[in-house]
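Enquirer: Chains A and B, in that order, give the protein sequences.
Sequential numbering from 4 applies to the first sequence in our numbering.
Sequential numbering from 4 applies to the second sequence in our numbering.
Backbone N, C-alpha and C define an ideal beta-carbon position, used for all residues, glycine too.
There are 2 protein chains.
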Amino acid sequence: MSGKICSLLVLFFLLPNVILAESGEKLWLRYLPLDNAKVVDYTNAIRSLIVAGDDAVISAAAEEFQMAFNGLTGNDLRKVNRPGAGALLIGTAENRLIRDLELSKDLEKCGPEGYIIRTVPVRNGQMTVIAANTSAGVLYGTFDLIRRMQTGESIAKLEVIESPAFKIRVLNHWDNLNGTVERGYAGHSIWFNRPEDWSVRSAQYKFYARANASVGINGTVINNVNADPNVLTAEYIEKYARIADIFRPYNMKIYMSVNFASPAVIGGLENSDPFNPAVQQWWKDKAAEIYQSIPDFGGFLVKANSEGQPGPMDYGRTHKDGANMMAKALQAHNGIVMWRAFVYEPGDDERSVQAYNEFMPFDGEFEDNVIVQVKNGPVDFMPRESFSPLFGGMQKSPVMIEFQITQEYLGHSNHLAYLSTMWKEVLDAETFAKGVGSSVAKTTDGTLFNHELTAISAVSNIGRDINWTGHHFGQSNWYAFGRLAWDYDLLSEDIAEEWVKMTFAHDQKFVEPVVDIMMRSREAVVNYMNPLGLHHIMGWDHHFGPEPWTDIPGAREDWLPRYYHNASEFGIGFDRTTNGSNLVSQYHSPLNKIYNDPLLVPENLLLWFHHLPWNYRLQNGLKLWDAMVYKYYEGVDEARLFQNIWDRLEGYIDDRRFKEIQFKLKLQTTEAIWWRDACVLYFQTYSNLPIPSELERPIHDLDELKELKFDMKHHN
Amino acid sequence: MSGKICSLLVLFFLLPNVILAESGEKLWLRYLPLDNAKVVDYTNAIRSLIVAGDDAVISAAAEEFQMAFNGLTGNDLRKVNRPGAGALLIGTAENRLIRDLELSKDLEKCGPEGYIIRTVPVRNGQMTVIAANTSAGVLYGTFDLIRRMQTGESIAKLEVIESPAFKIRVLNHWDNLNGTVERGYAGHSIWFNRPEDWSVRSAQYKFYARANASVGINGTVINNVNADPNVLTAEYIEKYARIADIFRPYNMKIYMSVNFASPAVIGGLENSDPFNPAVQQWWKDKAAEIYQSIPDFGGFLVKANSEGQPGPMDYGRTHKDGANMMAKALQAHNGIVMWRAFVYEPGDDERSVQAYNEFMPFDGEFEDNVIVQVKNGPVDFMPRESFSPLFGGMQKSPVMIEFQITQEYLGHSNHLAYLSTMWKEVLDAETFAKGVGSSVAKTTDGTLFNHELTAISAVSNIGRDINWTGHHFGQSNWYAFGRLAWDYDLLSEDIAEEWVKMTFAHDQKFVEPVVDIMMRSREAVVNYMNPLGLHHIMGWDHHFGPEPWTDIPGAREDWLPRYYHNASEFGIGFDRTTNGSNLVSQYHSPLNKIYNDPLLVPENLLLWFHHLPWNYRLQNGLKLWDAMVYKYYEGVDEARLFQNIWDRLEGYIDDRRFKEIQFKLKLQTTEAIWWRDACVLYFQTYSNLPIPSELERPIHDLDELKELKFDMKHHN
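1. Within 7 Å (strictly less), CB to CB, does M328 of chain B reach chain A?
2. Use the C-beta contact count for L80 of chain A: other C-beta atoms within 10 angstroms, 16 or more gives buried, fewer gives exposed.
3. For G438 of chain B, which residues does DSSP report across the bridge?
4. Which full runs of the beta strand (DSSP E) of 3+ residues lie inside the stretch 612-660 of chain B, going along the chain?
5. Is the stretch 213-230 of chain B close to the stretch 39-48 of chain B, with three or more CB pairs under 8 Å?
6. Would the stretch 189-197 of chain B and the stretch 431-441 of chain B be scored as touching if the rule is three or more Cβ pairs under 8 Å?
7. In chain order, what residues of the stretch 439-457 of chain A put their CB closer than 9 Å to some CB of chain B?
8. Give me the Cα-Cα distance between I240 of chain B and F394 of chain B, rounded to the nearest whole angstrom.
9. By how many angstroms is the C-alpha of E165 of chain B removed from the C-alpha of I597 of chain A?
10. To the nearest angstrom, how far is the alpha carbon of R251 of chain A from that of I257 of chain A?
11. Check whether the Cβ atoms of A307 of chain B and G325 of chain B lie closer than 7 Å to each other.
12. Tell me S260 of chain A's beta-bridge partners as DSSP assigns them.
13. Whose C-beta lies closer than 8 Å to the C-beta of W677 of chain B among residues of the same chain, with five residues either side of it excluded?
14. With 8 Å as the limit, tell me which residues of the stretch 409-426 of chain A have their beta carbon closer than that to any beta carbon of chain B; keep them in chain order.
15. Would you be able to state if there are at least three C-beta pairs under 8 Å between the stretch 23-35 of chain A and the stretch 202-218 of chain A?
16. Measuring only the C-alpha atoms, how far is V125 of chain B from E162 of chain B?
17. Which chain A residues sit within Cβ distance under 7 Å of K626 of chain B?
18. Would you mind telling me which residues of chain A sit closer than 7 Å to M385 of chain B, beta carbon to beta carbon, in chain order?
19. Taking three-plus beta-carbon pairs below 8 Å as touching, is the stretch 350-359 of chain B in contact with the stretch 329-339 of chain B?
20. Using a Cβ-Cβ distance under 7 Å, would E526 of chain A count as near chain B?
21. Using a Cβ-Cβ cutoff of 7 Å, what residues of the stretch 591-602 of chain B are near chain A? List them in chain order.
22. If you count every other CB in all the chains shown that lies within 10 Å of the CB of F666 of chain A, and 16 or more means buried, which is it?
23. Using three-state DSSP, classify M419 of chain B as helix, strand or coil.
24. If you reduce the DSSP assignment to three classes, tell me which class M541 of chain A lands in.
25. Along chain B, in chain order, which residues have C-beta atoms closer than 8 Å to that of Q376 of chain A?
26. Would you verify that the beta carbon of N379 of chain A is, or is not, closer than 7 Å to some beta carbon of chain B?
27. Going along the chain, which residues of its own chain have a beta-carbon closer than 7 Å to the beta-carbon of A63 of chain B, five neighbours each way excluded?
28. Can you name the residues that DSSP bridges to N671 of chain A?
29. From the beta carbon of E572 of chain A, is the nearest beta carbon of chain B less than 7 Å away?
30. Can you find a CB in chain A that lies within less than 7 Å of the CB of E496 of chain B?
31. Run down chain A in chain order and give the residues with a C-beta less than 9 Å from the C-beta of E697 of chain B.
32. For K634 of chain B, does the count of other Cβ atoms within 10 angstroms reach 16, so buried, or fall short, so exposed?
33. Which of helix, strand or coil does DSSP assign to V123 of chain A?
34. To which residues of the same chain is S296 of chain A closer than 7 Å at the C-beta, ignoring the five residues directly before and after it?
35. Put E353 of chain A into one of helix, strand or coil per three-state DSSP.
36. Going by Cα to Cα distance, which pick from B:Y689, B:L705, B:V683 is closest to P695 of chain B?
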């Protein structure tokens, strides 16, 4: 007996590791075989497929499900025509098979893109139904069911009703026509200046569309907001049309960033003044031309009079004038204008207060198909900012949030920083616009201000790298953005767990510690880069690494770190109180008072709103200097801990991805120490206070760090 | 040349340490010589004294200043009659010398106890004036000037106008007539059952009165709120009268805790029913008897129908009935009733909500000379609680806060815990009673609700120990309470610095690290005892050490730790949300919503308001279990750091106090580890989660800790 056990054990240990190397190119859509128990469960529940509908979208849904089912269970589905035990019926409300189920009451809650998944009794057993008002809803429902199977959930008794929180859920690619990607850290553009055959590219675009559809993203702007006017030439319109054809079965609309000066630059007009009838006509004609090729074209995204981009103010007009002119050109085609509020100029007003000041006067004065796109924070996409006061401020015109998936300020593709926690922090933030219960999410999803047009966007982090995002964990942010855009009440942790299971492995001994790293990762980055509300102290131009000391002769003050940290022998931080730049007054009561008072402001925004002496005492009794230093060290400790945790997870996933991630985590710790030492040593030249004695000494020397120069442009 | 330097160095090192051992008995009133430069400055500024007035209080002020000046500078002051260069003139407004200075406008701001300190020009130079409307004001002004000298401030150009925030600033002694002190950790009572001669005792009482006057405390209740009826017998009234005589020159009133059942117990009446005319008459007679002996007697403090004490509800009457009966007895004599709202009974309502429910119906129904005394937190004096919702809740009747100086729940006299930061946290807490700007302080100081009667109190920490408070740093809490009662806008740090300089030494190399320890100390205690809003998990009855596991058969549930921590396999914390005991609804909007939402509630009150699963994620991404464990370890790390810092300060102060404090800090670390290990290991039996791998392992074993039993009663 014991001999038998022994030889079994030997056999077990001699078995080759069968986990094959993976590149990450399949994202969370790997569809690899599940364990036997799950296979049995799923093939018991579903054995055949009935597709009640025949358009391209529902066909894509059917194809996806068959592929997923085959991959996950090793079994093919029979295609049948009549409901019966073990069938999966997918279809739209107008189809007779769905009508017979009398779901209309519930379908009313689903809107145009929502869906129902339900287990219903039939003769001899039960079947599963995915029903929706449109094929798009069926597609999203199908991906929902697939996700349940991918994550090992039971599908024996389903009762799901879903609809998305925002109508438009869109990615912004900052891709230039020459193939570079602004703030891209995963290789060059997948869209532009590509040498590959169309067959290769179109396969990739289809995968991209599937990935987006799987998380509910229904649109994408594929070129940079710093837009090249040439994108409006026939050559590019044709390119866009070919891509749109691939997107269409996945309910993805294509949008375009346009340059406000296009009429003059490529249209040969005298100017691009929005009050010039020729300019107005030019945009109308251009819109008609686009819609000729792309009937479901989404619309324009515009960065105007911002960081040197042309705009209506070049002609003495306003943002309203510019946006409304474009809106009118698109109205006949149901296109929209996403007009960015990311505006600031050197001048009397501090950067963070300008967008609000500039846009609030136009509240309610935009055309119905204009939506104002606002970055989550009033400065930029810092690791932590207060939310932009335009959320809850602007009430009559619709406002959409712009997040940044690409990690411009959070470690590029070197650092593991799971951003769902950051986005949830903003979406859940209380604006008090209509008293308690006025979260940022509710100010933008139509709940509070009854807008029809609702949207949410995020700057993409993908490029031509084999794993799409440079860092394997960058994929999780693409995934999480989609999931939150659909339902911001999801927990970051649950989203992380789904993603880990689909992307890596199901074993809880792997899943739990990895989710733990993810959940702690953003705060770790904040701590080693920008604790206590510090911000904008990264390297000049490329934004890589710490440069609190940067001084570029002749540079705009509001592009220099010292504008933001204000470190001196007295103290540190940005005074945005009523005594300072007065950003606080742009918030509703009581937030205006809470932010204005260093006793009441949340500790993690202390230096965002206040300039305080080095020996200022925090509520926990620590001196500001000590508290700041502890935070920097805490960030590094966390990065080290992530390495430690990851190292113990070897063997749970394929060796390739394990080692690639291991390498990145090591790099993250190295760079975390760089940040910590640079900031602590630099600020110490002002505070003249010691690093608490129980902490390890800095590894680097300040002068050595100051000498580091990086010849990089946007990193890709 | 180098030989000379060498021998000077040798000489320096050979000099004996001239710092004499100190016992701490002189508190912060040591009046030891300052360094030469200061002596020169002060004797330049002040060389003579003019006392414009001749009552006992102004005489005490003059005596104090002469003693202080002599001690600090080694010089005696000439007593003179006419203003001139180098004079210090102290006097009240009606005195001609003060009238001549035309200060009446400024004196209007001072009220009955405030004062002006001003440098005024005279022929041949300048003189210093302390002026006030009453002798009491002169006394407080004199102590202010002394404090400036004690702390080395310049007195060459003074321009001070002060008045106290609260009218009544009172200590509560929990001293029993048998000489024990409930929750006293510094020896037996200084008031009762004392064998010493009156000369010895009266000298101590005078020192006590001086110490209180030096920080503005103007009243004291010398017996326990769990009051012995015998305190109202002639024997004790005479004792009180003798003590009151000593207090009088220091503007200190004496108050008495009384037992509601006194008429029956010592008066021989049938009952103590407040509606019984005989009872009412008994109290009137008793008040007259007291005022006969003590014309400036302050009034009564009453704990009724609370923790077994008798009260009006024993006769079907209410708190209002009881308080008003006593109030009427005192009205003719200008006495007041401080009626405690610390009430709770086992029953349907959770402990923390009961005081509000029981007292709010009587808002506005008390006599004018009744003030409701409310503990800072709704449960008790835990290391951290939310503030009691009666602050800002009760608006028509005046409310006073009761703090606890004695460290019942913060390490007794073993732990260094500077409590000013805790009290400031409460005083500064925003109630939103009348929108932003309605701090707890402003709800009780007359600002918001226009009450004439305002007061603040704290339970004293003193006893017969030579240094008064057991722990030398316990003195700082007595000191800080007085300073905050006078001016709650003072910074805890500035108060600490004053106290350290007066109590120990002026050298900034000593002062700064010691102030740093003090400022961090309360949060450290919170962390190793009760992080994240945990509370009431201390030892049964004596409240010493951790006992989260306590189970006493037949004990009241609301006296057991499990009632408060609710640890289970699911999670931990007290649900006081709208789904739980609903304490949240007793707060004004938006606090009610903020506290109700685990996303919005401050992290340090998370488990005070919420019962959450062990894997609940905090805003910083940490799991609740991990976050809690980190906090426990952080607390211990801080205690260790305090030792480390203190050890490096040897030689700055006398060896006796240095070593005594060193010993206590060691004890504090030992007990911090005990708390940490006990709580982490105990809660781990529910969470079944590991202690994060990078942390040291617990030193103790849970079973071993559970066996510890202490046969102590109130510790003194």
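Expert: Answer, in terms of the structure:
1. no
2. buried
3. B:A436
4. none
5. no
6. no
7. V439, G440
8. 34 Å
9. 28 Å
10. 9 Å
11. yes
12. A:L304
13. G548, P549, H703, L708
14. T424
15. yes
16. 16 Å
17. D519
18. Here the premise fails: no neighbours, minimum Cβ distance about 17 Å.
19. no
20. yes
21. S592, P593, K596, L602
22. exposed
23. In the sequence as displayed, the identity of residue 419 of chain B is Leu instead of Met. Coil at L419 of chain B, not helix or strand.
24. strand
25. Neighbours of Q376 of chain A on chain B: none; closest Cβ ~26 Å, over 8 Å.
26. no
27. L142, P252, Y253
28. The sequence given here has Gln at residue 671 of chain A, not Asn. Beta-bridge pairing links Q671 of chain A to no other residue.
29. no
30. yes
31. D640, R643, L644, N647
32. buried
33. strand
34. I240, E241, A244
35. coil
36. B:V683
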